[in-house]
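Notes for the one structure printed next.
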Amino acid sequence: MPAFGVVETSPKLEVPRVVPVVSSLGDGAAAFDWAEVKVLQDSVDEVLSSALISIRNIAGNDERGPITLKPDSYASSKNLKYFSRVQITMNGETKFIGNLQKRREMGTANAIHLTYKSDLRLLMGIPMRGALVWDPYAQAVRFAPRYLDRVNPRGYRNCCKVSVTGIDGSFYAYTKLAEVGTNGEWLDADQQNPEIGVATDWTPERYISYLRLRALFNPGDGVNPEWVKMDTNKLSWPAPSFAPASRMRMKMPDTPFYGERLFGALIKTLDIGCDYGLHATYAGGKTVISFHMRAPAESGTYVGDTGLVHLPLQRSGAVADVKTVYDFEAEGDASEFATGVVVEGGCIEIELELVWNGNPDSSTLIPAWTDVEEQAFVFIIAGDGTWMQGPERPEDVLAGVSEPTKWLTFDGTGGRPAIRAKTPEALQFARQCLPRPFRAFMIQPTADNTAGGASLKLLMEGVKTRFPNDRYPLLGVSRSIEEEQVQPFFEEDGEKRGRMNWPVRLRLSEDENGGEYHDAPYNNGLRIQADGLLYLDGLTDEQGDPTNLIYTGSFFVDPDDVALKRLKLNAVVLHDHRILAHRDIFWDDAFDANNVAGEVDSSLSDRKNRVGLQFNILSPDGFREQHQVKSVPMGNEAKTRVLLSDQAGIGGHCARRLADKAAIIKRSKWYLPGIRPEFRAGMMLGSIKFQGAAGSYPVNRRLTDVRYEPDVPRTALICG
116 MPAFGVVETS
126 PKLEVPRVVP
136 VVSSLGDGAA
146 AFDWAEVKVL
156 QDSVDEVLSS
166 ALISIRNIAG
176 NDERGPITLK
186 PDSYASSKNL
196 KYFSRVQITM
206 NGETKFIGNL
216 QKRREMGTAN
226 AIHLTYKSDL
236 RLLMGIPMRG
246 ALVWDPYAQA
256 VRFAPRYLDR
266 VNPRGYRNCC
276 KVSVTGIDGS
286 FYAYTKLAEV
296 GTNGEWLDAD
306 QQNPEIGVAT
316 DWTPERYISY
326 LRLRALFNPG
336 DGVNPEWVKM
346 DTNKLSWPAP
356 SFAPASRMRM
366 KMPDTPFYGE
376 RLFGALIKTL
386 DIGCDYGLHA
396 TYAGGKTVIS
406 FHMRAPAESG
416 TYVGDTGLVH
426 LPLQRSGAVA
436 DVKTVYDFEA
446 EGDASEFATG
456 VVVEGGCIEI
466 ELELVWNGNP
476 DSSTLIPAWT
486 DVEEQAFVFI
496 IAGDGTWMQG
506 PERPEDVLAG
516 VSEPTKWLTF
526 DGTGGRPAIR
536 AKTPEALQFA
546 RQCLPRPFRA
556 FMIQPTADNT
566 AGGASLKLLM
576 EGVKTRFPND
586 RYPLLGVSRS
596 IEEEQVQPFF
606 EEDGEKRGRM
616 NWPVRLRLSE
626 DENGGEYHDA
636 PYNNGLRIQA
646 DGLLYLDGLT
656 DEQGDPTNLI
666 YTGSFFVDPD
676 DVALKRLKLN
686 AVVLHDHRIL
696 AHRDIFWDDA
706 FDANNVAGEV
716 DSSLSDRKNR
726 VGLQFNILSP
736 DGFREQHQVK
746 SVPMGNEAKT
756 RVLLSDQAGI
766 GGHCARRLAD
776 KAAIIKRSKW
786 YLPGIRPEFR
796 AGMMLGSIKF
806 QGAAGSYPVN
816 RRLTDVRYEP
826 DVPRTALICG
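Counting from 116, one number per residue, gives the positions in the sequence shown under our numbering.
Below, the structure is given as structure tokens:
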């Protein structure tokens, strides 16, 4: 009779034994009889959760002969198809649902290894083509294939709240009427709870609601048959919920999404929002698209349904609990660290009225040619009264003013063409020799040595309360202008205005006192050169209505009697300063979201001596500020106000990026014995508490991956 004994053990010393159960999802939902889970990895963000499953025997344990490479095998690719789905449960709780991506057949081992990836992989097959746009007339969302998927273009608001029949939840989509209400009127929308159809800012939270709508939207039968929706039989996307104080509610920079896949657009948006990451949960045989906090909130509290986790680690003394961490790898990496972040947006855009009043000393807009060039230009056209005269060589173009003998008469002799004086041909020849007279203008340099320069400098300093020139000085040079105004104004029963691109406004007057101005046509052929010269090509050809010429008189009648008219040009001029935001964990605006200042040598940053380790982000189209200073774009009154301010937006974006850059990258793996299904990726790991010794090791990172290895068995908790 064999001897035996009874040993009682403490529950604390028991290693949990969990056997994963693999079931196929589809017709019959039958269980895999001979499937063994080798590795199950639960992940967040762009790394998809995955499972490695091994199949060794199909019919039974005593089967002889190979099971691989058989076309009629139960596990062949004809029967066990790619993208077929499985569900893995532990203790009755679903831990993974995914589809078959890879298969590896091994001869000697007589085994087939199958790799399954999360159903989130299916979002990669949905292209972000066109855009969903709110139609204010039909009060419905339409799919516009030509519309570019680009949020807050140049800082303008092009987002609006929408309602969609048949889909539950609150959604946001694009509005074609940027920054205006449903009837075209200007509304300072409630940014937290805007009305349907009223333009508002895109935020990461709102764009995720747009992506959800994009995944569920049906454009209608017979319309856009190539439209691809999310497979709602496999994926579920409930309306997400984000913490009210999170950075998901800060304005996004100008960001294009066209050419992306829906999965990539989702990750890109979460990276901009900074606070949340993507995670898959499971319910009802479906993968549920969920979100988890990436890092502790600024207040030090943790948001989400996972709470804060602390792990025990036996450092010394008798083992009290076999469930403690038995091995680990912890790595700190400061190679990508920066103490501060500077986000630079676009240059300050100042719309002002530039005037040529006939006096170059007091005008803000002046001719870009000299008196000698003007005389030569007129002499070429006037000629000798019968024939045009001009230079034989380019270098003699100005010589005819002081030395007429260096010019030739174009009368058809000596191999020269016959060109009559005061003709279009003579004017064309003069343009080839001297392109600037009576066509090119420049902005008065902003120096104080002329009344015009001082006046322009004063206009350019119209934002000095925000950007004082003792810190951001102006260059005393001629400047280039933008091709479009900031915005027109429409006066109708009060102020109604809409933001849109509009050609520059040019007005002309023959009155020496500058009265009776009229608008030149918008197709005036304004040509802007990189050197700051403005060519008014379409107003100098003596064709069409003479009232639209920039000069009085006619080169075809009396070139000597031609004189410039008074001009007023409404244009956008760039300030010498970009709008910017700066955050530094050591400087006055300290913002140490990750509590790492104590781990970094303080000599790395010294504001007084301008020493720092900065990370610079250039986003000229993402953040812009526009001003009007004594400008009359379309209405009857001069407007002076900030039209578009992104100071708050650029500050929020800077704070988001600092949370990424002012951080020590801490990668760690914590190994626990047994399968521990209570841990999921996305949980926040607070610290490792020492057992048998004083102290703890702070982690304060979320679990990016949880790796279950039933063969060992062990669980690896990975922070990245």
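We put the CB at the ideal spot given by N, CA and C, even for glycine.
{"Item": "Return the residue from the list Ile700, Ile732, Arg327 and Pro368 that minimises the CA-CA distance to Ser718.", "Value": "Ile700"}
{"Item": "When we look at the beta-carbon of Gln743 and count the other beta-carbons within 10 Å, is it buried (16 or more) or exposed?", "Value": "buried"}
{"Item": "Provide the residue(s) that pair with Gln202 in DSSP beta bridges, ordered along the chain.", "Value": "Ser138 and Ile212"}
{"Item": "Since Gln504 sits in a beta bridge, which residues does DSSP pair it with?", "Value": "Thr524"}
{"Item": "For Asp841, name the three-state secondary structure that DSSP assigns.", "Value": "The shown model of the chain, from 116 to 835, leaves out residue 841, and the question about it has no answer."}
{"Item": "Looking at the secondary structure, which residues open and close the beta strand (DSSP E) in which Thr538 lies?", "Value": "Here Thr538 belongs to no beta strand (DSSP E), and DSSP marks it neither H nor E."}
{"Item": "Can you give me the C-alpha to C-alpha distance between Phe357 and Met363, rounded to a whole angstrom?", "Value": "7 Å"}
{"Item": "Quick one: complete beta strand (DSSP E) runs, 3+ long, within the region 374 to 408?", "Value": "391 to 398 and 401 to 408"}
{"Item": "Within 8 Å, do at least three Cβ pairs link the region 707 to 722 to the region 426 to 445?", "Value": "no"}
{"Item": "Comparing alpha-carbon positions, which option in Val134, Asn267 and Trp249 lies nearest Ser734?", "Value": "Asn267"}
{"Item": "Distance check for Ser720 and Gly447, CA to CA, integer angstroms please.", "Value": "20 Å"}
{"Item": "What distance in whole Å lies between the Cβ atoms of Gln547 and Val516, which are believed to be in contact at a cut-off of 8 Å?", "Value": "With a Cβ gap of about 17 Å, Val516 and Gln547 do not count as contacting."}
{"Item": "Using the C-alpha atoms, what's the distance from Pro560 back to Leu769?", "Value": "Looking at the sequence itself, residue 769 is Cys, so the reference to Leu does not match. Each residue's alpha carbon lies about 34 Å from the other."}
{"Item": "Does the region 561 to 573 touch the region 648 to 664, meaning 3 or more C-beta pairs lie closer than 8 Å?", "Value": "no"}
{"Item": "Indicate the three-state DSSP secondary structure (helix, strand or coil) for Val418 in the structure shown.", "Value": "Caution applies to Val418, whose pLDDT of 36 falls short of 50 and renders its modelled position unreliable; the value that the coordinates give is listed next. Here Val418 sits in coil by DSSP."}
{"Item": "Roughly how many whole angstroms lie between the Cα atoms of Tyr85 and Leu590?", "Value": "This structure does not reach residue 85, given that the chain is present from 116 up to 835, and the question cannot be answered."}
{"Item": "Need the endpoints of the alpha helix (DSSP H) that Gln762 sits in, please.", "Value": "Gln762 to Lys776"}
{"Item": "With DSSP collapsed to three states, give me the class of Val458.", "Value": "strand"}
{"Item": "Determine the closest residue to Gly529 out of Pro539, Glu507 and Glu375, with distance taken between C-alpha atoms.", "Value": "Glu507"}
{"Item": "Ordered along the chain, which non-local residues of its own chain (more than five positions away) have a Cβ less than 7 Å from that of Val159?", "Value": "Gly392, Leu393, His394, His407, Ala796, Gly797 and Thr819"}
{"Item": "In three-state DSSP terms, what is Pro685?", "Value": "It is worth fixing the name first, because residue 685 is Asn in this sequence and not Pro. Strand."}
{"Item": "Give the secondary structure of Gln490 by DSSP, where H, G and I count as helix, E and B as strand, and everything else as coil.", "Value": "helix"}
{"Item": "What separation, rounded to the nearest whole angstrom, lies between the Cα atoms of Leu426 and Pro788?", "Value": "13 Å"}
{"Item": "Which full runs of the beta strand (DSSP E) of 3+ residues lie inside the region 620 to 656, going along the chain?", "Value": "620 to 624, 641 to 643 and 649 to 651"}
{"Item": "Indicate the three-state DSSP secondary structure (helix, strand or coil) for Ile665 in the structure shown.", "Value": "coil"}
{"Item": "Rounding to the nearest angstrom, what Cα-Cα distance links Arg693 and Val457 in this structure?", "Value": "11 Å"}
{"Item": "In angstroms, rounded to a whole number, what distance separates the CA positions of Arg581 and Asp499?", "Value": "59 Å"}
{"Item": "Going by alpha carbons, who is nearest to Ile481 out of Pro334, Tyr650, Leu140 and Leu263?", "Value": "Tyr650"}
{"Item": "Could you tell me the alpha carbon to alpha carbon distance between Ala259 and Val277, rounded to whole angstroms?", "Value": "15 Å"}
{"Item": "Terminal residues of the continuous beta strand (DSSP E) containing Leu155?", "Value": "Ala150 to Ser158"}
{"Item": "By a C-beta neighbour count over all protein chains shown, 10 Å radius and 16 as the cutoff for buried, is Ala645 buried or exposed?", "Value": "exposed"}
{"Item": "Distance check for Ile665 and Ala541, CA to CA, integer angstroms please.", "Value": "19 Å"}
{"Item": "One question on the structure: do Met221 and Ile790 come within less than 8 Å of each other, judged by their Cβ atoms?", "Value": "no"}
{"Item": "For the putative contact between Ser595 and Ile643, defined by C-beta atoms under 8 Å, what is the C-beta separation to the nearest angstrom?", "Value": "6 Å"}
{"Item": "Quick one: what's got a C-beta closer than 6 Å to Pro371's C-beta in the same chain, skipping five residues either side?", "Value": "Arg265"}
{"Item": "Pull up the distance between the alpha-carbon of Thr662 and that of Asp526, whole angstroms please.", "Value": "33 Å"}
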